[in-house]
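Structure record follows, encoded as structure tokens.
2 protein chains.
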Amino acid sequence: MAGTRRHGGGRGRPTLEEVAARAGVGRGTVSRVINGSPRVSDRTRTAVEQAVAELGYVPNRVARALAANRADAVALVIPEPETRLFAEPYFSDIIRGVGAELADTDLQLLLTLIRTPKERQRLADYLSAHRVDGVLLVSVHADDPLPDLLERIEMPAVLSGRRSAHETVPYVDSDNTGGAQSAVEHLIGRGRGTVATITGPLDMYVAQCRLEGYHAAVRAAGREVDPELVASADFTEEGGRRAMRQLLSQRPDLDGVFAASDVMAAGARQVLRENGRGVPDDVALVGFEDSAVARHMDPPLTSVRQATEEMGRAMVRVLLEEIGGRSDRTAKRPQMVLPTQLVRRESS
Amino acid sequence: MAGTRRHGGGRGRPTLEEVAARAGVGRGTVSRVINGSPRVSDRTRTAVEQAVAELGYVPNRVARALAANRADAVALVIPEPETRLFAEPYFSDIIRGVGAELADTDLQLLLTLIRTPKERQRLADYLSAHRVDGVLLVSVHADDPLPDLLERIEMPAVLSGRRSAHETVPYVDSDNTGGAQSAVEHLIGRGRGTVATITGPLDMYVAQCRLEGYHAAVRAAGREVDPELVASADFTEEGGRRAMRQLLSQRPDLDGVFAASDVMAAGARQVLRENGRGVPDDVALVGFEDSAVARHMDPPLTSVRQATEEMGRAMVRVLLEEIGGRSDRTAKRPQMVLPTQLVRRESS
DNA sequence: ATCACAGCTGGGAGCGCTCCCACCGTACCT
DNA sequence: AGGTACGGTGGGAGCGCTCCCAGCTGTGAT
Numbered sequence: 001m002a003g004t005r006r007h008g009g010g011r012g013r014p015t016l017e018e019v020a021a022r023a024g025v026g027r028g029t030v031s032r033v034i035n036g037s038p039r040v041s042d043r044t045r046t047a048v049e050q051a052v053a054e055l056g057y058v059p060n061r062v063a064r065a066l067a068a069n070r071a072d073a074v075a076l077v078i079p080e081p082e083t084r085l086f087a088e089p090y091f092s093d094i095i096r097g098v099g100a101e102l103a104d105t106d107l108q109l110l111l112t113l114i115r116t117p118k119e120r121q122r123l124a125d126y127l128s129a130h131r132v133d134g135v136l137l138v139s140v141h142a143d144d145p146l147p148d149l150l151e152r153i154e155m156p157a158v159l160s161g162r163r164s165a166h167e168t169v170p171y172v173d174s175d176n177t178g179g180a181q182s183a184v185e186h187l188i189g190r191g192r193g194t195v196a197t198i199t200g201p202l203d204m205y206v207a208q209c210r211l212e213g214y215h216a217a218v219r220a221a222g223r224e225v226d227p228e229l230v231a232s233a234d235f236t237e238e239g240g241r242r243a244m245r246q247l248l249s250q251r252p253d254l255d256g257v258f259a260a261s262d263v264m265a266a267g268a269r270q271v272l273r274e275n276g277r278g279v280p281d282d283v284a285l286v287g288f289e290d291s292a293v294a295r296h297m298d299p300p301l302t303s304v305r306q307a308t309e310e311m312g313r314a315m316v317r318v319l320l321e322e323i324g325g326r327s328d329r330t331a332k333r334p335q336m337v338l339p340t341q342l343v344r345r346e347s348s
Numbered sequence: 001m002a003g004t005r006r007h008g009g010g011r012g013r014p015t016l017e018e019v020a021a022r023a024g025v026g027r028g029t030v031s032r033v034i035n036g037s038p039r040v041s042d043r044t045r046t047a048v049e050q051a052v053a054e055l056g057y058v059p060n061r062v063a064r065a066l067a068a069n070r071a072d073a074v075a076l077v078i079p080e081p082e083t084r085l086f087a088e089p090y091f092s093d094i095i096r097g098v099g100a101e102l103a104d105t106d107l108q109l110l111l112t113l114i115r116t117p118k119e120r121q122r123l124a125d126y127l128s129a130h131r132v133d134g135v136l137l138v139s140v141h142a143d144d145p146l147p148d149l150l151e152r153i154e155m156p157a158v159l160s161g162r163r164s165a166h167e168t169v170p171y172v173d174s175d176n177t178g179g180a181q182s183a184v185e186h187l188i189g190r191g192r193g194t195v196a197t198i199t200g201p202l203d204m205y206v207a208q209c210r211l212e213g214y215h216a217a218v219r220a221a222g223r224e225v226d227p228e229l230v231a232s233a234d235f236t237e238e239g240g241r242r243a244m245r246q247l248l249s250q251r252p253d254l255d256g257v258f259a260a261s262d263v264m265a266a267g268a269r270q271v272l273r274e275n276g277r278g279v280p281d282d283v284a285l286v287g288f289e290d291s292a293v294a295r296h297m298d299p300p301l302t303s304v305r306q307a308t309e310e311m312g313r314a315m316v317r318v319l320l321e322e323i324g325g326r327s328d329r330t331a332k333r334p335q336m337v338l339p340t341q342l343v344r345r346e347s348s
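Okay, here's the thing in structure tokens:
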């Protein structure tokens, strides 16, 4: 496939050596200047910088990576199903944050979509070969072998979201529990007496947390958690519809619903409309994520906003830390939880 | 910044040389096997393959890239504003397509978000240094200097969307004109006598094409194009609102609207509702893009679907071709236009 | 004046590959 | 038998950088 590719060109570009010659110094010195080493006199530094400017020298990352045995790149790994499951903005906001934070670094961002087990294996090989300096993993499932693999080969890694309450790998997560709790408290505060919830797949920790937040809010209001007010779905619109139908048949008297994702809320909204229930008059509805879907629903959906872009940025910061100071293997791993915020709209 | 980064590890991994030793052959032979050269006997090939398997050898891309003076990577360049301007799915669908098509290649995908002129300069340097084998450019503006730069340094590149009718760089685009035309024909076919349009920024070719499609459909119906039925906006929701208000004041009798993007259609929908116009009863509405927004509007929006993921795939195929067979500089550049499809929903 | 010790500097060695050329053997000619 | 050709092979010479050590200079202490 790649066999016939022509030479990329680039010959004729000035090399370190040429810069050294022009500046009248040695290779090592130029290298030091380029890499900002302090052990260079000002005179020399200036001379080298001028030569660099005159020649339009740009360091060859590939050669640098080979010599230094580092990659100057981090991989962002995205399991394909997630890009469909989660509302798209999540995905692109993460990328945006990661990109922004990486911008003033000389690290490349490698994007890796994983669809098939074969591709996952390829990635594992690739990572084992240490062809990147660190890995960013988006929405890992509890049974994903990747994090352990990374740990084993001592590859710095950061997750977005935890796999469980006792996550050992560094991660950046949203305050799912708190966000859900505030959503349900809001519903209760608006006088809703019978608040139901549509959960995500409960084998995902994120879904557990959001359900936990629901529980907490219900209990805080001095009420009991009624199992008939809980229906679990799978973060999809169709799942939201199904769950809403189930809820409606179990507890026709409900007057509030907290859906653990906007897309499920959208599904629920449709079923509500089919059944002649007005939103928010008959049933108040709140989602989670504050995606584009929420803003464009009718009525616009109250939703819990996560600082997704900031999560991307935070992941990079944590990863950089991991890459830089991984000397003591015993140090506690950085783990952070970002706050969420309820965005009130007309649906509640 | 990156100065303190520890060595990436990877030492201790088997090298080509070790594989050669184990298989009892020379380096060159192993290299040939790895790269699938036909000039190797079956016996030798088998021996090498076995050694590779036993050692768990994975070629070092960095070394390969340095020696072969190629990068084994392509860059996907995304101007930041676009990720906000266009509905997000466009962006992630392109990525998905690109990733999929690249999967059975040994090319890496480098993601580059451009926010500031400084970053654009950095990218230009980077590209000039031939650190990638090719470039994928998403939604380039007419005045973007990048395509010309790429042409000058003979860097293979493919655009998504054209800058003008006479685009010289290889591109992959949707049939914007045809899609718009079919949307408007649909509206007219449904008996709408006074069909208006909300255009994108007319300095963008994509917006011009969609307007052109509107014109074509109107003329095909034997009607005149009434300038009072055309309002231009900027692909944003707020722009859609403004344009809709303008349209309504100029031609209160309109009964159909073709918005050149779903998001603008959403804005228009709001204004329509504020003015007590029902959709589709009073005014039929059609958008462009078929994004999540369209599906979740109330009523769900009829929209023109573009094969976005397929565009991503096609871009990669075209780029691969460019990279591979760029021998004759006079050969016509591959340019392709993908069909669009009207998705009918309740808004029309 | 002598010595020690910094702070700078030059350049050899090597990272793991690809490219390419010389070379080997065998099969097929004349 | 000697010549020719060609598929197959080994390994030297780099690719452009970083690392590191030896060496060189100038300063201050003795």
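Protein chains in written order, with full-length UniProt numbering: chain A, 1 to 348; chain B, 1 to 348.
We put the CB at the ideal spot given by N, CA and C, even for glycine.
- Between the segment 119-134 of chain B and the segment 143-150 of chain B, the count of C-beta pairs closer than 8 Å reaches three or more; the two stretches touch.
- Under the 10 Å beta carbon count, A:Asp282 is surrounded by fewer than 16 other beta carbons and is classified as exposed.
- Put simply, the CB of A:Glu119 is near chain B, with a gap under 8 Å to one of its CB atoms.
- By the neighbour-count criterion, in which 16 or more other beta carbons inside 10 Å mark a residue as buried, B:Val77 falls on the buried side.
- Measuring C-alpha to C-alpha distances from A:Asp226 to each of A:Glu49, A:Arg162, A:Leu254 and A:Thr340 identifies A:Leu254 as the nearest.
- It is roughly 21 Å from the alpha-carbon of A:Ile114 to the alpha-carbon of A:Gly97.
- Approximately 25 Å separates the beta-carbon atoms of A:Leu159 and A:Thr197; this is outside 8 Å, ruling out the contact.
- Taken atom to atom, the span from the alpha-carbon of B:Tyr90 to that of B:Asp290 is near 10 Å.
- Any Cβ of chain A closer than 8 Å to the Cβ of B:Asp298 would place that residue at the interface, and such an atom is present.
- In the three-state scheme derived from DSSP, where H, G and I count as helix and E and B as strand, B:Phe288 is classed as strand.
- By the C-beta density criterion, B:Gly28 is exposed, having fewer than 16 other C-beta atoms within 10 angstroms.
- By the neighbour-count definition (other C-beta atoms within 10 Å, threshold 16), A:Arg210 is a buried residue.
- For B:Leu102 and A:Arg269, the gap between their C-alpha atoms comes out near 39 Å.
- With fewer than three CB-CB distances shorter than 8 Å, the segment 52-60 of chain B does not count as touching the segment 270-280 of chain B.
- Looking at the DSSP output, A:Gln306 bridges to A:Thr340.
- In this structure, B:Ala314 sits near B:Met336, with a CB-CB distance shorter than 8 Å.
- Inter-residue distance for B:Gly312 and B:Asp262 is about 20 Å (C-alpha atoms, whole angstroms).
- For A:Ala231, the CB contacts under 6 Å within the same chain, skipping 5 residues up- and downstream, are Ile198, Ala243, Gln246 and Leu247 in chain order.
- In the DSSP assignment, no residue is bridged to B:Val132.
- Inclusion of A:Leu110 and B:Leu109 in the CB contact set at 8 Å is warranted, their separation being smaller than that value.
- Among the bridge pairs identified by DSSP, B:Tyr171 is matched with B:Leu159 and B:Gln335.
- Take B:Arg162, set aside five residues on each side of it, and the residues of its chain with a beta-carbon closer than 7 Å to its own are Tyr171, Asp173 and Tyr205, in chain order.
- From the beta-carbon of A:Asn275, no residue of chain B is found nearer than 8 Å; the closest lies around 16 Å away.
- Sequence-distant partners of B:Ala294 (beyond 5 residues in either direction) whose C-beta falls short of 6 Å from its own C-beta, in its chain, are Asp262, Gly287, Leu301 and Ser303.
- The contact set of A:Val58 on chain B, defined by CB atoms closer than 8 Å, consists of Asp125, Tyr126, Ser128 and Ala129 in chain order.
- Taken in chain order, the complete beta strand (DSSP E) segments of 3 or more residues contained in the UniProt domain "HTH lacI-type" (14-68) of chain A number zero; there are none.
- Ranked by Cα distance from A:Ala180, the options A:Pro339, A:Glu346, A:Arg192 and A:Val318 are led by A:Pro339.
- Look at B:Ile323 here: in three-state DSSP terms it is helix.
- Remark: C-beta atoms of A:Ala260 and A:Leu285 do not approach each other more closely than 8 Å.
- Chain-order list of chain B residues neighbouring A:Val62: Val62, Ala65, Leu66, Ala71 and Arg131, by C-beta distance under 8 Å.
- Under DSSP, A:Ala142 takes part in no beta bridge, so it has no partner.
- In this structure B:Leu319 is in contact with B:Gly134, their Cβ atoms being roughly 5 Å apart against a cut-off of 8 Å.
- A:Leu110 reaches chain B at Gln108, Leu109 and Leu110, counting residues in chain order whose Cβ is nearer than 7 Å.
- A distance of 8 Å or more separates the beta carbons of B:Asp234 and B:Gly276.
- Following the DSSP letters along the chain, one finds A:Thr194 in no alpha helix (DSSP H), marked with neither H nor E.
- Pairing B:Ser164 with B:Gly213, the inter-Cα distance amounts to about 15 Å.
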